[in-house]
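Enquirer: Sharing a structure, written as structure tokens. Questions coming.
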Ligand SMILES: Cc1cc2nc3c(=O)[nH]c(=O)nc-3n(C[C@H](O)[C@H](O)[C@H](O)COP(=O)(O)O)c2cc1C
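In this note's numbering, the protein residues as written are 4 to 185.
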């Protein structure tokens with residue numbers, strides 16, 4: 004008999020949350036900090052559930068757990084920024100991932116067009132107006148229209164998340180042709 008630790012995960016319904024998280028952890032993603040609110044209310048949360056949705060109109064989404072401190076801030080102001088973290092920002096990712104999360108004033112930031120703070124050292128940012136929310140079980144799906152975007156510094160490598168580990172993407176992918184060319 005194969006020892007439990009060497010068995011490949013294979014489950015049919017009911018799927019356990021822990022196993023779902025482990026298997027989804029094999030899908031490599033970038034890491035973002037979602038920022039929202041202004042002044043005293045400004046807050047940030049580390050999120051990897053970001054994806055682009057539509058080019059015309061320009062829509063993006065992320066999923067936030069229903070108990071998140073950030074949820075009422077995004078819902079009340081109707082605006083947020085998605086900050087793509089750079090490879091050397093692992094500490095920032097961790098700082099905004101705990102229940103005792105960092106304050107926006109702990110990191111270099113400036114205002115976007117909506118007044119929401121943008122992390123100045125991020126790889127790139129998208130400043131969004133909240134256009135829709137959808138029930139996503141224990142999470143809420145937030146869809147935003149992109150009003151402003153920027154890449155503050157060219158050629159920074161991204162921070163990536165894989166199998167529960169954070170790290171810099173050391174090398175450029177070596178494909179000859181881009182998979183999308185238009
Ligand atoms: C790499 C990484 C990705 C995360 N992605 C998400 C996510 O997509 N949605 C989410 O709700 N929480 C995500 N979290 C967990 C939140 O960052 C964490 O629960 C949160 O900071 C807790 O405080 P809050 O009240 O600000 O949400 C992620 C954490 C890490 C380290």
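The C-beta atom is built at its ideal place from N, Cα and C for all residues, glycine as well. As the structure is a prediction and not an experimental result, all values here were calculated from the model.
(1) Quick one: give me the first and last residue of the alpha helix (DSSP H) that residue 25 is part of.
(2) Determine the extent of the beta strand (DSSP E) in which residue 49 is found, giving its start and end residues.
(3) Which of helix, strand or coil does DSSP assign to residue 169?
(4) Between the alpha carbons of residue 27 and residue 45, how many angstroms are there, rounded?
(5) Between the region 79-94 and the region 150-167, are three or more C-beta pairs nearer than 8 Å?
(6) Helix, strand or coil, according to DSSP, for residue 163 in the structure here?
(7) Within the region 63-109, note down every full beta strand (DSSP E) run reaching 3 residues or more, in order along the chain.
(8) Would you mind stating whether residue 2 and residue 130 have Cβ atoms separated by less than 8 Å?
(9) Closer than 7 Å: is that where the CB of residue 33 sits relative to any heavy atom of ligand 1?
(10) With a 10 Å radius around its C-beta and 16 neighbouring C-beta atoms as the bar for buried, classify residue 112 as buried or exposed.
(11) Where does residue 140 sit, in a helix, a strand or coil, going by DSSP?
(12) So, helix, strand or coil for residue 118, using DSSP?
(13) In the structure shown, what three-state DSSP assignment does residue 42 receive?
(14) According to DSSP, is residue 127 part of a helix, a strand, or is it coil?
(15) Can you check which of these residues, 64, 166 and 20, is closest to residue 82 by C-alpha distance?
Expert: The structure says:
(1) Taking the first residue of the chain shown as position 1, residue 25 is located at position 22. Looking at the DSSP string, the run of the alpha helix (DSSP H) that includes residue 25 is 20-27.
(2) In the chain shown, the residue the question calls residue 49 occupies position 46. Here the beta strand (DSSP E) through residue 49 covers 46-50.
(3) Along the chain shown, one-based indexing puts residue 169 at 166. In the structure shown, residue 169 sits in a strand (DSSP, three-state: E or B).
(4) Stepping through the chain shown from its first residue, residue 27 is reached at position 24. Stepping through the chain shown from its first residue, residue 45 is reached at position 42. Approximately 30 Å, taken between the alpha carbons.
(5) yes
(6) Along the chain shown, read from residue 1 onward, the residue named residue 163 stands at position 160. It is a strand residue.
(7) Correct list: 82-87.
(8) Outside the shown range of the chain (4 to 185) lies residue 2, about which nothing can therefore be said.
(9) By 1-based counting over the chain shown, the position of residue 33 is 30. Result no, Cβ not under 7 Å from ligand 1.
(10) Looking up residue 112 in the chain shown gives position 109. When all chains shown are included, residue 112 counts as buried.
(11) Along the chain shown, read from residue 1 onward, the residue named residue 140 stands at position 137. Coil at residue 140, not helix or strand.
(12) On the chain shown, residue 118 is found 115 positions in, with the first residue counted as 1. Three-state result, residue 118: coil.
(13) The sequence position of residue 42 within the chain shown is 39, counting from 1. In this structure, residue 42 counts as helix in the three-state DSSP scheme.
(14) In the chain shown, counting from the first residue as 1, residue 127 sits at position 124. Residue 127: strand per DSSP, three-state reduction.
(15) Position 79 of the chain shown, counting from 1, holds the residue named residue 82. Selected option, being the one with the closest Cα: 64.
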